[in-house]
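Beneath this line is the structure, given in structure tokens, with notes to follow.
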Amino acid sequence: MIQKNEISEKKHYKVSFDRVGCIGAAACVAVAPKFWQIVSDGKADLAGAKKLKNNEVQELELDEQDLQVMKEAAEACPVTVIHIEDKKTGKKII
Ligand code: SF4
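Each residue of the sequence shown is one higher than the last, beginning at 1096 in my numbering.
This is the structure in structure tokens:
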């Protein structure tokens, strides 16, 4: 029980990637190659993410330790299609 809480509480943040709007500029890849890569259709893929709406949206839960690098990737994206939300408060971080 305690362990289960510890695991779920570690993933504080949710990344939502509006893949449909991605122009393949690859700024995210340059900043955070651990999470982002350009795939065969010329758009980015978010590693380990759930693919929703025919892959027009991808979602990933994130640890505190990866927040900063993901934030930098989101800030670098020229079309602002990477969003991060605090799961507990529902507050939009970017
Ligand atoms: S920086 Fe934005 S537009 Fe460029 S590949 Fe990444 S998500 Fe797509």
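Glycine included, every Cβ here is placed at the ideal spot set by N, Cα and C.
No experiment lies behind these values; they were computed from the predicted model shown.
Contacts around residue i, its chain only, beta-carbon distance under 7 Å, and the 5 residues preceding and following it disregarded
i        : result
Gly-1137 : Gly-1119
8 Å Cβ shell around residue i - same chain, five flanking residues per side excluded
i        : result
Lys-1186 : Glu-1180
Ala-1165 : The sequence given here has Met at residue 1165, not Ala. Taken in chain order, the residues that qualify are Tyr-1108, Val-1110, Ala-1127, Phe-1130, Leu-1157, Ile-1177 and Ile-1179.
Pro-1173 : Ile-1118, Ala-1120 and Ala-1122
Pick from the options that is closest to residue i, judged by C-alpha positions
i        : options                                   : result
Thr-1175 : Cys-1123, Asn-1149, Lys-1106 and Lys-1146 : Cys-1123
Ala-1125 : Asn-1150, Leu-1162 and Glu-1167           : Glu-1167
Lys-1183 : Ala-1169, Leu-1157 and Glu-1151           : Leu-1157
His-1107 : Gly-1116, Asp-1161 and Ala-1121           : Asp-1161
Asn-1080 : Lys-1105, Ile-1189, Phe-1112 and Ile-1188 : One cannot answer for residue 1080 here, as it falls past the ends of the chain, which runs 1096 to 1189.
Same chain, Cβ closer than 6 Å to residue i, neighbours up to 5 away in sequence not counted
i        : result
Lys-1146 : Gln-1153
Cβ neighbour criterion (16 or more within 10 Å) applied to residue i
i        : result
Ala-1142 : exposed
Val-1134 : exposed
Val-1115 : exposed
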